[in-house]
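In the numbering used here, the protein residues as written are 2 to 873.
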């Protein structure tokens with residue numbers, strides 16, 4: 002009788018089991034040569050003869066071909082009742098109860114082995130090693146399509162409990178038995194838009210650590226707000242023609258919008274112009290007075306005769322007596338970092354109008370820092386080590402203390418500020434650098450009436466503060482001395498983290514010159530805030546100045562975010578979407594191979610340990626590098642284990658283990674990048690259909706088998722060369738076209754003292770014998786200059802759109818701009834010179850102002866322009 006076996010043309014594990022049974026039986030039958038064919042029309046396996054004989058059930062065919070109808074019926078029953086069902090569901094748990102199997106080839110051993118092998122290819126290794134069995138396995142694999150059946154997607158979740166980030170209460174207060182962390186970022190001054198250097202130097206750095214602390218489930222409060230009192234606010238308000246309050250309302254809103262777009266996760270963003278600020282600052286003042294740490298001194302103060310007002314230190318400029326820097330301020334020299342008194346400046350000048358100040362006497366209140374010096378030193382030496390302050394923080398504070406502390410004036414002759422609580426000094430306000438650090442306390446008081454549980458609770462609260470380096474002395478000397486002087490049990494600085502300067506493409510950020518990216522520019526760029534945050538953190542100037550570079554920005558986006566992080570997450574999630582119908586299979590890490598998982602988990606645990614150590618030390622730049630190294634290790638794992646269709650079909654157990662472990666690495670990566678890229682992290686958590694994973698101490702297989710995930714989404718997009726070229730042109734400084742200029746008769750210099758400023762002398766060019774050309778933006782106090790000019794030259798107020806005006810005092814050229822435009826230009830000139838050429842030197846919490854940058858562009862007729870193109 003001539004027999005022929007027709008194989009199972011189905012797909013998957015059941016077909017493999019059937020065809021393996023038939024292949025083994027065909028080689029071991031005593032009946033004769035049996036043809037095994039997969040080319041037939043029937044979908045089911047069968048044994049047929051030309052005479053019409055037919056068997057259509059695999060186990061029956063095996064028994065017939067091996068002439069073995071009395072084999073181990075228990076083993077066959079196990080296969081038919083349990084293994085067969087397990088093949089349909091891919092449930093490998095039944096393998097734990099497999100009956101023993103000898104190396105004798107008979108009906109029961111063939112039937113049992115074939116189904117066990119199809120479910121788990123490591124089953125019965127000794128039986129597999131038999132030569133006829135190895136040959137049959139190869140034949141069965143070659144003729145069977147192993148496209149695996151897809152599980153049903155239900156949206157079900159199977160994630161280990163207790164590993165998620167805890168939800169904070171609506172009012173965050175210190176808790177017993179928990180680590181309570183209070184975080185502040187330098188209070189940005191209210192009169193400008195922050196640029197990238199401002200952002201990374203304070204608010205972003207603080208936000209990264211706050212998000213890390215919350216992801217570690219520390220009980221954390223993160224507060225900030227705008228610093229709104231002082232001379233700069235008064236001046237800016239006059240310039241814009243509004244009240245100081247209206248100005249503060251405007252810029253507080255601008256700051257809040259910029260930080261919201263950058264995803265700065267303040268628990269409360271407030272301001273210093275509140276009743277709580279007044280109450281708390283005045284209470285501190287009175288306690289210092291009661292304890293004998295305030296004194297009155299008749300103080301010689303610089304007074305500007307031009308605009309008739311006392312000059313705050315920061316509005317006096319001159320040559321530093323220590324390093325000869327020509328643009329030192331009255332409180333500090335940017336070049337050498339020295340603490341100055343405005344009277345120490347050589348050739349002082351008013352920053353507002355260039356006039357030479359007069360010395361006048363004024364009564365003021367001083368903080369007796371000399372009486373607090375020993376207590377301050379003792380506190381500093383202990384806390385700077387215990388809190389592991391940034392190196393530059395300790396260096397700057399040491400330099401102050403080595404010079405010796407002297408009484409420091411804490412009042413000013415201004416209107417816009419916290420009133421001094423004294424009848425004698427009722428017309429004065431508190432000096433901003435005494436008042437501003439108290440803003441952290443008052444902003445907290447605006448957040449919760451129980452603010453003292455944070456600020457007068459040193460045993461249970463750790464205070465972390467973030468700022469640019471120029472803020473350091475006010476937070477490490479003046480404010481701590483103030484706290485010590487009150488005699489109250491204040492929460493004092495635990496860890497101080499400061500940055501150096503971020504430069505822009507080799508130079509300084511300058512709003513007036515259109516140089517650099519400011520917060521509103523980043524928002525309008527079309528690039529995700531996650532990318533901006535990532536790049537700024539990667540170049541964070543932690544120990545030295547660093548550079549913002551468009552080429553580097555593009556490279557890090559394309560090569561690190563897109564090619565590393567984005568590729569890793571999308572590759573494996575898309576694979577599970579396609580091959581597993583978005584359902585994580587049950588997996589066994591031992592199927593990866595000998596010690597593969599052990600090596601992987603050891604590597605990941607070492608990286609997690611390093612990451613946590615760096616973040617606890619607030620080494621944020623290094624922490625980001627380690628986070629990306631975890632992602633790179635995940636990519637390496639997928640590459641080495643060849644996650645592809647071949648592995649999925651030929652080694653399903655290994656494929657299951659790869660995707661199970663790989664998705665858990667993605668889950669880990671989402672947790673460690675969360676402090677840096679919260680939006681990206683949230684997207685990954687959503688793709689994984691999993692809660693926000695807390696940052697762990699070791700790698701966890703938190704996502705279990707049968708957990709359902711969501712569809713993959715693109716996390717990043719490529720930044721092209723043309724995009725970079727456009728950004729560089731847009732933010733690299735603009736030529737000054739159609740600019741207004743003015744030529745002033747040389748004889749008029751005597752009428753305008755500001756034109757005799759030595760700072761301006763190098764910017765003067767004689768035209769003929771009787772005229773001088775002046776760069777108006779170099780003239781301090783343009784508003785005053787304009788008013789005087791118009792008073793003496795009424796023709797300027799009435800003439801419009803004439804290039805050449807004759808006046809009684811000389812000749813004035815106004816270019817092609819009308820009077821209204823000229824006035825606008827001059828006002829903008831004052832603005833840009835006093836506030837907009839900003840670097841990262843924090844004058845008060847969060848304000849970064851560098852020295853003004855000289856600008857003088859020749860016009861087409863050889864004259865020099867005034868006010869550039871009006872960029873403010």
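Every residue, glycine too, gets a C-beta built ideally from N, C-alpha and C. The model shown is predicted, which means the values in this text are computed figures rather than measured ones.
request  = Please report how far the alpha carbon of residue 519 lies from the alpha carbon of residue 686, in whole angstroms.
outcome  = 30 Å
message = For residue 56 and residue 20, I'd like the C-alpha separation in whole angstroms.
response = 14 Å
Proximity below 8 Å, CB of residue 204 to CB of residue 255 = no
inquiry  = By DSSP's criteria, residue 208 is part of a beta bridge. Which residues make up the other side?
reply    = Note: residue 208 sits in no beta bridge, so no partner.
ask   = Is it buried or exposed for residue 80, if we count other Cβ within 10 angstroms and need 16 for buried?
value = buried
task = Please go through the same chain and pick out, in chain order, the residues whose beta-carbon is closer than 6 Å to the beta-carbon of residue 343, but skip the five residues on each side of it.
result = 303, 314, 317 and 331
task = Indicate the three-state DSSP secondary structure (helix, strand or coil) for residue 56 in the structure shown.
result = In the structure shown, residue 56 sits in a strand (DSSP, three-state: E or B).
Cut-off 6 Å between Cβ atoms - residues of its own chain near residue 478, not counting five sequence neighbours on either side = 401
Test item: CB-CB of residue 220 and residue 175 under 8 Å = yes
task = Run the CB neighbour count on residue 13, radius 10 Å, all protein chains shown included, and call it buried at 16 or more, exposed below.
result = Counting every other CB atom within 10 Å of its CB across the protein chains shown gives residue 13 a total of 16 or more, marking it as buried.
query = Sorted by chain position, which residues of the same chain lie with C-beta nearer than 7 Å to residue 658's C-beta, five sequence neighbours on each side aside?
reply = 588, 589, 590, 592 and 593
request  = Express the C-alpha separation of residue 377 and residue 270 in angstroms, rounding to a whole number.
outcome  = 30 Å
message = Rounded to whole angstroms, what is the Cα-Cα separation between residue 429 and residue 234?
response = 16 Å
query = Are there 16 or more other CB atoms within 10 angstroms of the CB of residue 745, so buried, or fewer, so exposed?
reply = Legend: pLDDT at residue 745 = 35, less than 50; position of this residue unreliable, value from coordinates given subsequently. Classification of residue 745: buried, given that the 10 Å Cβ count is 16 or more.
request  = Given a cut-off of 8 Å, decide if residue 160 and residue 915 are closer than it, judged by their beta-carbon atoms.
outcome  = Residue 915 lies beyond the stretch modelled for the chain, which goes from 2 to 873, so this question has no answer here.
request  = Answer with buried or exposed for residue 133, where buried requires no fewer than 16 other C-beta atoms within 10 angstroms of its C-beta.
outcome  = exposed
task = Have a look at the DSSP bridge pairing and note the partners of residue 465.
result = 184 and 496
query = With respect to the beta strand (DSSP E) encompassing residue 361, which residues constitute its N-terminal and C-terminal limits?
reply = 359 to 368
request  = Could you tell me which residues DSSP puts in a beta bridge with residue 304?
outcome  = 311 and 359
request  = Please state if the CB of residue 26 and the CB of residue 75 are separated by a distance shorter than 8 Å.
outcome  = no
Length-filtered (4 minimum) alpha helix (DSSP H) runs lying within the stretch 431 to 475 = 433 to 436, 439 to 448 and 453 to 456
ask   = Which of the three DSSP states, helix, strand or coil, is assigned to residue 73?
value = coil
query = Can you name, in chain order, every residue of its own chain whose Cβ lies under 7 Å from the Cβ of residue 226, other than the five neighbours on each side?
reply = 188, 270, 271, 272, 273, 440 and 444
message = For residue 114 and residue 65, I'd like the C-alpha separation in whole angstroms.
response = Roughly 17 Å separates the two Cα atoms.
query = In three-state terms, what does DSSP make of residue 350?
reply = Residue state, collapsed to three classes: strand.
query = Based on the DSSP secondary-structure assignment, which residues constitute the bridge partners of residue 228?
reply = 190
ask   = With 16 as the cutoff for other CB atoms within 10 Å, does residue 279 come out buried or exposed?
value = buried
query = Nearest to residue 542 by alpha carbon, out of 392, 96, 712 and 337?
reply = Ranking 392, 96, 712 and 337 by Cα distance to residue 542 puts 392 first.
message = Out of 711, 729, 693 and 730, which one is the CA nearest neighbour of residue 162?
response = 693
key: Distance, residue 689 Cα to residue 158 Cα   = In this structure, the alpha-carbon of residue 158 lies about 10 Å from that of residue 689.
message = Considering Cα atoms alone, identify which of 714, 558 and 364 is closest to residue 578.
response = 714
message = Given this structure, state the Cα-to-Cα distance separating residue 422 from residue 395, to the nearest angstrom.
response = In this structure, the straight-line span from the alpha carbon of residue 422 to that of residue 395 is close to 34 Å.
Reduced DSSP category for residue 161 - H, G, I as helix; E, B as strand; rest coil = coil
task = Would you please state the rounded distance, in angstroms, between the beta carbons of residue 1 and residue 77? I believe it to be under 8 Å.
result = Residue 1 lies beyond the residue range present for the chain, which begins at 2 and ends at 873; the question has no answer from this structure.
task = Kindly say whether residue 195, judged by its beta-carbon, lies nearer than 8 Å to any beta-carbon of chain C.
result = Of the chains in the structure shown, none is chain C; there is only one protein chain.
inquiry  = At the level of alpha carbons, what is the spacing between residue 845 and residue 319?
reply    = Unreliable placement is indicated for residue 845, whose pLDDT of 34 sits below 50; the coordinate value is still reported in the next sentence. So the alpha carbons of these two residues sit roughly 20 Å apart.
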